[in-house]
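Shown next, in structure tokens, is the structure this report addresses.
2 protein chains.
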Amino acid sequence: MGRVAIIGASMTQFGQREGEWIQDLLAEAGIECLEDAGVDADDVEHLYVSNMASGEFEGQTGVPNALAHDLDAMPAYTQRIDQTSSSGGAGIYAAWQSVASGASDMTMLVGGEKMTHKTTGEATDVIASLTHPAEYKHGVTLPSFAGLTARHYLERFDAPRESLGKVAVKNHKNGVDNPHAQFQTEVDLETVLESPIVADPLRLYDFCPITDGSAALMLCPESIAKEYADEYAVITGIDGATDTHVVHEREDPTVMGGVVESGKGAYEMSGYGPDDIDVAELHDMFTILEFLQMEGLGFAEQGEAWKRVEEGHTERDGELPINTSGGLKSKGHPLGASGVAQGVEIYEQLVGEAGPRQVDADVGLCCNVGGFGNCVITTIMEAAQ
Amino acid sequence: MGRVAIIGASMTQFGQREGEWIQDLLAEAGIECLEDAGVDADDVEHLYVSNMASGEFEGQTGVPNALAHDLDAMPAYTQRIDQTSSSGGAGIYAAWQSVASGASDMTMLVGGEKMTHKTTGEATDVIASLTHPAEYKHGVTLPSFAGLTARHYLERFDAPRESLGKVAVKNHKNGVDNPHAQFQTEVDLETVLESPIVADPLRLYDFCPITDGSAALMLCPESIAKEYADEYAVITGIDGATDTHVVHEREDPTVMGGVVESGKGAYEMSGYGPDDIDVAELHDMFTILEFLQMEGLGFAEQGEAWKRVEEGHTERDGELPINTSGGLKSKGHPLGASGVAQGVEIYEQLVGEAGPRQVDADVGLCCNVGGFGNCVITTIMEAAQ
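These protein sequences, in sequence, are chains D and R.
The first sequence begins at 1 in full-length UniProt numbering and counts up one residue at a time.
The second sequence begins at 1 in full-length UniProt numbering and counts up one residue at a time.
If you want it as structure tokens, here you go:
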């Protein structure tokens, strides 16, 4: 079976996009991705949309069909992919499958979400609807899971509260150089540690914001990639895995089974291991998640990710730069777009288009976490030319 | 590339399922499908859920993760597939891609929707949210498109109003022998023609009902199908295609471009043509749609499908039995389940498990229509042993 290449990428401005709706955001990223890849809309065979909740947020459904219309891509086949907060990663997997199966020779994936017209409470409730009803009825939200897990992690592994704050500081620092990031401002550790408590011990700056935005990737068989791009990326490993949907049933709350299993599958498929990864985008919806993914993916032993962060290991000039894009923390987290935007960052790093964020990388990984690790997709890409 | 087999199928009772919710319905179909296929939950690698709007209908999202949990199928990868009213057909396509790409050697697809707890107005509005905003804002609903199109068809092709009614009569007659159908009662032509007007000239009995229900299929590479089943079906052709999302932009309202294009793709892939099809499930959300699909798929010339129906060509003992299951009309139309249930019927016909509905068939087709033909998926299967 031939390998699947990524030959183009795009990303809209993330942030508060007043007066623009999901259909506008998807079209903006879609048009830019077509241009970036040098592909005519007519040549797109499958057009996939990663989106969690356009119906709940906007009362509009059928957005993939609207996008095909707006891009004049008919009769391209369309489909919406939802895997909650990992809809973007699920979209990469679906787009990969569409090309690898031979169903499509040109698949564009566009992820997007429009959220900021809702209050924080309303948006949090839409997101919380992804939890198991047995937990939802107790008023559980994802931030509350994060707070409980962070407290457990800090106590059990004797990690300082500051180490979590340093994740936020690092990701904000990276976001300064990302012109599409929602926040392009540094924050210092003191600001993080003194921000309002949301779910003790986590504070406002341990959380990603609510965001509008869209991102896109163009996938095709590697055999024709050269016709479109001198430099491109190849998806060498990809896998997804679930963990218990009832979060409190997990044996060890610091081990995200979906991260471990999807990582294992992606490593096995690619032939690479954790030491081969040069750059990674992790799903830092909450600072604590960056630790859990680093450990689940083998970038640190259990209970030791915080030390790697303290040592500067994950800074842009460190051994393994993590979230060079700014991460969800400073780039923002438009649900369906986030996993796609992770792919955009890794793609840009591999083809040398990351501008001031550029690091030296031949192999990159992204990990997109649905819910509180309820389903996770891990993708490994390498540079090609 | 190896072929993809269907080795098991299931379907819950369709109808009004009081006190049961989407998660219950999906789990019921999922458990039955595992049993029917003789597959352990542990062996399911990908678990796909076709569902349009659990968030809008029930305020619950993340249902694929809930299903993995309920079936104890972790760490199976899960994903929700939404393509509005053709989510089920899109699910078959996605499940096919997951196996054909080598990503999964055992994919279970479960489609479902829980709708009847909403009023007809509420459910119709959720469905109408799939239309283009430019049309939605004028208060357009899918039944209104159907009424306009039916009027145009009858006048232009000089077709009698009765011919549409006969589609309803036929499908209700078939539904009598489907123990899972919502309506297992015959209706006579007079009843159809005298039922209340919904969208002139279409009346109540020209429309499918609002339904709760779930259906499932088990897919694997044909190379291992024999380990699970003596008789199985093989997907030999499958394709999907969009038409203009703004319905009034179509040049000819009686030609559904998505049906034509997806049919063309599926025929080409399978090597079969319209004359090779022995049994078909068409998306009769409205009686007029059965005519348009028959014509788009080459079962009749444009403007002549009504004659085939008048001649009894599409009866169970006719040349090409259509909607032996009872169709959406009498079986019911739980959005995300309907396309999967079409696949279940064709599978059962091909492996000889259709009981009193059994017809003689080696090759079958199903056509699942999203919106008013905004995106359509056509699947062709053949019997194997």
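Yeah, the Cβ is synthetic: ideal placement off N, Cα and C, and Gly gets one too.
Checklist entry - Tell me, which residues are paired with Pro221 (chain R) by DSSP? => result Counted from its first residue, the second sequence places residue 221 (chain R) at position 221. In DSSP, Pro221 (chain R) forms a bridge with R:Val4.
Item to check | Delimiting residues of the alpha helix (DSSP H) encompassing Asp70 (chain D) | outcome: To locate residue 70 (chain D), count along the first sequence from 1; it is residue 70. Residues Val63 to Asp70.
Next on the checklist: Residues of chain R with CB closer than 7 Å to the CB of Ala90 (chain D), please, in chain order.
Outcome noted: As a position in the first sequence, residue 90 (chain D) is number 90, starting the count at 1. Within chain R, the residues near Ala90 (chain D) are Gln79.
Item to check | Residue of D:Ala53, D:Gly8 and D:Gly59 minimising C-alpha distance to Asp40 (chain D) | outcome: Against the first sequence, residue 40 (chain D) aligns to sequence position 40. With respect to the C-alpha of Asp40 (chain D), the residue from D:Ala53, D:Gly8 and D:Gly59 having the closest C-alpha is D:Gly8.
Checklist entry - DSSP on Ser144 (chain D), reduced to helix/strand/coil? => result Position 144 of the first sequence, counted from the first residue, corresponds to residue 144 (chain D). In the structure shown, Ser144 (chain D) sits in a helix (DSSP, three-state: H, G or I).
Item to check | According to DSSP, residues forming a beta bridge with Leu47 (chain R) | outcome: As a first step, residue 47 (chain R) is located in the second sequence; it is residue number 47 there, counting from the start. Leu47 (chain R) is bridged to R:Thr78 and R:Met108.
Next on the checklist: Distance check for Pro133 (chain R) and Gly91 (chain R), CA to CA, integer angstroms please.
Outcome noted: Taking the second sequence and counting its residues from 1, the one referred to as residue 91 (chain R) is at position 91. Taking the second sequence and counting its residues from 1, the one referred to as residue 133 (chain R) is at position 133. The straight-line gap from Cα to Cα measures roughly 25 Å.
Checklist entry - Thr314 (chain R) versus chain D: which residues are under 7 Å apart at the beta carbon? => result Looking up residue 314 (chain R) in the second sequence gives position 314. Neighbours of Thr314 (chain R) on chain D: none; closest Cβ ~26 Å, over 7 Å.
Checklist entry - Comparing alpha-carbon positions, which option in R:Asp243, R:Ala229, R:Leu189 and R:Gly263 lies nearest Glu310 (chain R)? => result As a working mapping, residue 310 (chain R) is identified with position 310 in the second sequence. When only C-alpha atoms are compared, the closest one is R:Leu189.
Item to check | Counterpart residues of Gln83 (chain D) in DSSP-defined beta bridges | outcome: Position 83 of the first sequence, counted from the first residue, corresponds to residue 83 (chain D). Gln83 (chain D) pairs with D:Ser85.
Next on the checklist: For Pro321 (chain D), which residues in the same chain have their Cβ closer than 6 Å to its Cβ, ignoring the five residues on either side in sequence?
Outcome noted: Here residue 321 (chain D) is taken as the residue at index 321 of the first sequence, counted from 1. Same-chain partners within the cutoff: Val279 and Val359.
Next on the checklist: Using only CA atoms, which one of D:Leu365, D:Asp70, D:Gly139 and D:Ala66 lies nearest to Gly263 (chain D)?
Outcome noted: Translated into the one-based positions of the first sequence, residue 263 (chain D) becomes position 263. Selection D:Leu365, D:Asp70, D:Gly139 and D:Ala66 evaluated against Gly263 (chain D) yields D:Leu365 as nearest (Cα-Cα).
Item to check | Whole-angstrom C-beta distance between Ile6 (chain R) and Tyr232 (chain R), which should lie under 8 Å | outcome: In the second sequence, residue 232 (chain R) corresponds to position 232, counting from 1. In the second sequence, residue 6 (chain R) corresponds to position 6, counting from 1. Rounded, the Cβ-Cβ distance is 6 Å, consistent with contact.
Checklist entry - Is Cys33 (chain R) helix, strand or coil by DSSP? => result As a first step, residue 33 (chain R) is located in the second sequence; it is residue number 33 there, counting from the start. It is helical.
Next on the checklist: Using only the alpha-carbon positions, how far apart do His180 (chain R) and Gln13 (chain R) sit?
Outcome noted: For the purposes of this step, residue 180 (chain R) is taken as the residue at position 180 of the second sequence. For the purposes of this step, residue 13 (chain R) is taken as the residue at position 13 of the second sequence. Distance between the alpha carbons of His180 (chain R) and Gln13 (chain R) is about 4 Å.
Checklist entry - In chain order, what residues of the same chain lie with their CB nearer than 6 Å to the CB of Glu345 (chain D), ignoring the 5 residues before and after it? => result What you label residue 345 (chain D) is simply residue 345 of the first sequence in a count that begins at 1. Excluding sequence neighbours, Glu345 (chain D) sits near Glu281 and Ser325.
Next on the checklist: Let's test the definition: count the other Cβ atoms within 10 Å of the Cβ of Gln385 (chain D) and tell me whether it reaches 16, buried, or not, exposed.
Outcome noted: For this step, residue 385 (chain D) is matched to residue 385 along the first sequence. Counting Cβ neighbours within 10 Å, Gln385 (chain D) comes out exposed, since fewer than 16 surround it.
Next on the checklist: Measuring straight from C-alpha to C-alpha, what distance separates Ser144 (chain R) and Ser104 (chain R)?
Outcome noted: Your numbering for residue 144 (chain R) matches position 144 in the second sequence. Your numbering for residue 104 (chain R) matches position 104 in the second sequence. Distance between the alpha carbons of Ser144 (chain R) and Ser104 (chain R) is about 42 Å.
Checklist entry - What are the uninterrupted segments assigned as beta strand (DSSP E) that are 3 or more residues long and contained completely in the region 235-291 of chain D, given in chain order? => result 279-281
Item to check | Assigned secondary structure, Val340 (chain R) (DSSP; H/G/I helix, E/B strand, else coil) | outcome: Sequence index remark: in the second sequence, residue 340 (chain R) carries index 340 (1-based). Helix at Val340 (chain R).
Checklist entry - For the candidate residues D:Ala383, D:Thr378 and D:Thr379, whose alpha-carbon lies nearest to that of Gly352 (chain D)? => result Translated into the one-based positions of the first sequence, residue 352 (chain D) becomes position 352. The residue with the shortest Cα to Cα distance from Gly352 (chain D) is D:Ala383.
Checklist entry - Could you check where the alpha helix (DSSP H) with Gly121 (chain D) kicks off and where it finishes? => result For the purposes of this step, residue 121 (chain D) is taken as the residue at position 121 of the first sequence. Thr120 to Ala128 is the extent of the alpha helix (DSSP H) around Gly121 (chain D).
Item to check | Distance CB(Thr242 (chain R))-CB(Ala216 (chain D)) smaller than 8 Å | outcome: The sequence position of residue 242 (chain R) within the second sequence is 242, counting from 1. The sequence position of residue 216 (chain D) within the first sequence is 216, counting from 1. No.
Checklist entry - Using a Cβ cut-off of 8 Å, which residues of the region 120-132 of chain R contact any Cβ in chain D, in chain order? => result Val126, Ser129, Leu130, Thr131 and His132
Item to check | Where Leu328 (chain R) falls: helix, strand or coil (DSSP) | outcome: Looking up residue 328 (chain R) in the second sequence gives position 328. Of the three classes helix, strand and coil, the one that applies to Leu328 (chain R) here is helix, per DSSP.
Item to check | Inter-residue CB distance, Ile380 (chain D) and Ile81 (chain R) (contact presumed, cutoff 8 Å) | outcome: Mapped onto the first sequence, residue 380 (chain D) falls at position 380. Mapped onto the second sequence, residue 81 (chain R) falls at position 81. So it is not a contact: roughly 24 Å between Cβ atoms.
Next on the checklist: Helix, strand or coil, according to DSSP, for Ala216 (chain D) in the structure here?
Outcome noted: What you label residue 216 (chain D) is simply residue 216 of the first sequence in a count that begins at 1. Note: Ala216 (chain D) maps to strand in three-state DSSP.
Item to check | Proximity test, Cβ basis, 8 Å: residue 413 (chain R) and chain D | outcome: Any property of residue 413 (chain R) remains undetermined from this structure, which presents chain R solely from 1 to 385.
Checklist entry - Which of the three DSSP states, helix, strand or coil, is assigned to Phe372 (chain D)? => result Here the question's residue 372 (chain D) lines up with position 372 in the first sequence. The answer is coil: DSSP assigns Phe372 (chain D) none of H, G, I, E or B.
Next on the checklist: Determine whether the beta carbon atoms of Thr211 (chain R) and His333 (chain R) lie at a separation below 8 Å.
Outcome noted: Along the second sequence, one-based indexing puts residue 211 (chain R) at 211. Along the second sequence, one-based indexing puts residue 333 (chain R) at 333. The answer is yes: Cβ separation under 8 Å.
Checklist entry - For Glu348 (chain R), which residues from the same chain have a beta carbon less than 7 Å from its beta carbon, with the 5 sequence-adjacent residues on both sides left out? => result Your numbering for residue 348 (chain R) matches position 348 in the second sequence. Counting only Cβ-Cβ distances below 7 Å, and skipping sequence neighbours, we find Ala9 and Ala354.
Checklist entry - Which residue comes first and which comes last in the alpha helix (DSSP H) that contains Val309 (chain R)? => result Counted from its first residue, the second sequence places residue 309 (chain R) at position 309. Run containing Val309 (chain R): Ala305 to Glu310, per the alpha helix (DSSP H) assignment.
Item to check | Interface residues of chain R facing Asn368 (chain D) [CB-CB closer than 7 Å] | outcome: Translated into positions along the first sequence, residue 368 (chain D) becomes position 368. Ordered by position in chain R, no residue passes the 7 Å Cβ test against Asn368 (chain D), which lies about 12 Å from the chain.
Item to check | When D:Thr84, D:Asp275, D:Glu222 and D:Gln302 are compared against Val100 (chain D), the one with the closest alpha-carbon | outcome: Mapped onto the first sequence, residue 100 (chain D) falls at position 100. Before going on, a small fix: residue 100 (chain D) reads as Ala here, not Val. Closest option to Ala100 (chain D), Cα to Cα, is D:Glu222.
Checklist entry - How far does the alpha helix (DSSP H) with Val169 (chain R) in it reach, from first residue to last? => result For the purposes of this step, residue 169 (chain R) is taken as residue 169 along the second sequence, with counting starting at 1. Segment Arg161 to Gly175, the alpha helix (DSSP H) holding Val169 (chain R).
Item to check | Cut-off 6 Å between Cβ atoms - residues of its own chain near Thr84 (chain R), not counting five sequence neighbours on either side | outcome: Against the second sequence, residue 84 (chain R) aligns to sequence position 84. Correct list, in chain order: Met52, Leu130, Gly370 and Gly371.
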